[in-house]
Amino acid sequence: NNEIYCQASNTYPIYNYYSRSQIFHNSVYARPTANSGYGMYLYTGNNTAYIQVKGNNVCMMHGTTCYPIYCGGTISYFQFDYNNYYSTESQYLAYMGGGRTTLTAVQTYDPHAVKVYPDFLNPDNDMRIFKDSNIACPAFLANDILDSVRPAMSYMGCYEGAVMNYNACLASFVNPAAL
């Protein structure tokens with residue numbers, strides 16, 4: 013249940029090597045300055061390091077060989093569900109027992125996976141999302157990063173709820189006396 017921004021060469025915001033883990037409801041926004049990196053780098057080779065990955069929102073921006081998630085080792089020791097894998101490079105969606113370039117291929121392992129660029133409040137410093145970002149999922153944790161209680165249906169990522177219905181901004185000021 014973390015919010016991670018990363019801008020560096022060869023970035024690995026979440027790195028898990030041979031560790032039995034539950035990786036739930038994280039928001040990752042990475043902008044690699046080099047052409048490689050992974051939003052999540054996970055590796056396991058045996059069932060003592062079983063890894064569950066659920067309800068995460070991972071966005072990889074830029075980089076020509078950047079997977080939102082890279083799973084090395086024995087793919088049968090992973091359990092995935094309800095994750096958002098977004099990459100600006102369509103040929104690098106996920107590495108799960110091999111490169112997966114389509115959402116259908118990813119859904120072989122993560123049946124409710126999506127590939128959506130969420131409508132963030134401000135991806136550089138606030139990864140809360142606007143409503144209707146199409147990344148709803150069951151709550152895998154009781155509370156979000158702000159300690160707000162998650163309802164049974166929540167959102168992928170570290171925040172429980174969306175902030176507003178619309179993303180609007182001021183276009184200009186008008187002097188009413190001049191009208």
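FYI, in this note's numbering the residues of the sequence shown are 13 to 191.
Ideal Cβ placement from N, Cα and C applies to all residues, glycine included.
Requested in this report: Mind the definition here: the stretch 48 to 57 touches the stretch 82 to 95 only if three or more C-beta pairs lie below 8 Å; say whether that holds.
Outcome: Contact between the stretch 48 to 57 and the stretch 82 to 95 is present, because at least three Cβ pairs lie under 8 Å.
Query - C-beta contact flag for GLY67 and TYR94 at 8 Å - result: Yes, the pair counts as a contact, with Cβ atoms nearer than the cut-off.
Requested in this report: Can you tell me the Cβ-Cβ gap for PRO44 and THR23, rounded? I've got them flagged as a contact below 8 Å.
Outcome: Here PRO44 really is in contact with THR23; their C-beta atoms are around 5 Å apart, less than 8 Å.
Query - LEU115, DSSP secondary structure in three states - result: The three-state reading of DSSP puts LEU115 in helix, counting H, G and I together.
Query raised in the report: Using CA coordinates, which residue listed in ARG140, PRO150, VAL186, ASP159 is at the minimum distance from TYR17?
Result: Ranking the options by Cα distance to TYR17, first place goes to ARG140.
Query - VAL128 versus ASN137, TYR121, ASP138, LEU115, residue with shortest Cα-Cα distance - result: For VAL128, the nearest C-alpha among the options comes from LEU115.
Report task. Might you give, ordered along the chain, the residues of its own chain that have their beta carbon closer than 6 Å to the beta carbon of SER33, omitting 5 neighbours on each side? Result -> If we look at SER33 and ignore the five residues flanking it on each side, its Cβ neighbours are ILE63.
Query raised in the report: So GLU101 is in the beta strand (DSSP E); what residue range does that whole segment cover?
Result: Run containing GLU101: none; DSSP gives neither H nor E here.
Query raised in the report: Does DSSP put TYR6 in a helix, a strand or coil?
Result: Since the first and last residues shown for the chain are 13 and 191, residue 6 lies out of range.
Query - Alpha-carbon to alpha-carbon, TYR27 and GLN91 - result: Here the alpha carbons of TYR27 and GLN91 stand approximately 16 Å from one another.
Query raised in the report: If you follow the beta strand (DSSP E) that ASN69 is part of, which residue opens it and which one closes it?
Result: Run containing ASN69: 69 to 72, per the beta strand (DSSP E) assignment.
Requested in this report: Specify the secondary structure class of THR45 as computed by DSSP and reduced to three states.
Outcome: Here THR45 sits in coil by DSSP.
Query raised in the report: In terms of alpha-carbon separation, which member of PRO188, VAL70, TYR121 lies closest to ILE87?
Result: Looking at the Cα atoms, TYR121 is the closest of the given residues.
Query raised in the report: Can you tell which of HIS124, SER145, MET72, CYS78 has the C-alpha that lies nearest to the C-alpha of ALA65?
Result: A small fix is needed here, since residue 65 is Val in this sequence, not Ala. Nearest neighbour of VAL65 by Cα position, chosen from HIS124, SER145, MET72, CYS78, turns out to be HIS124.
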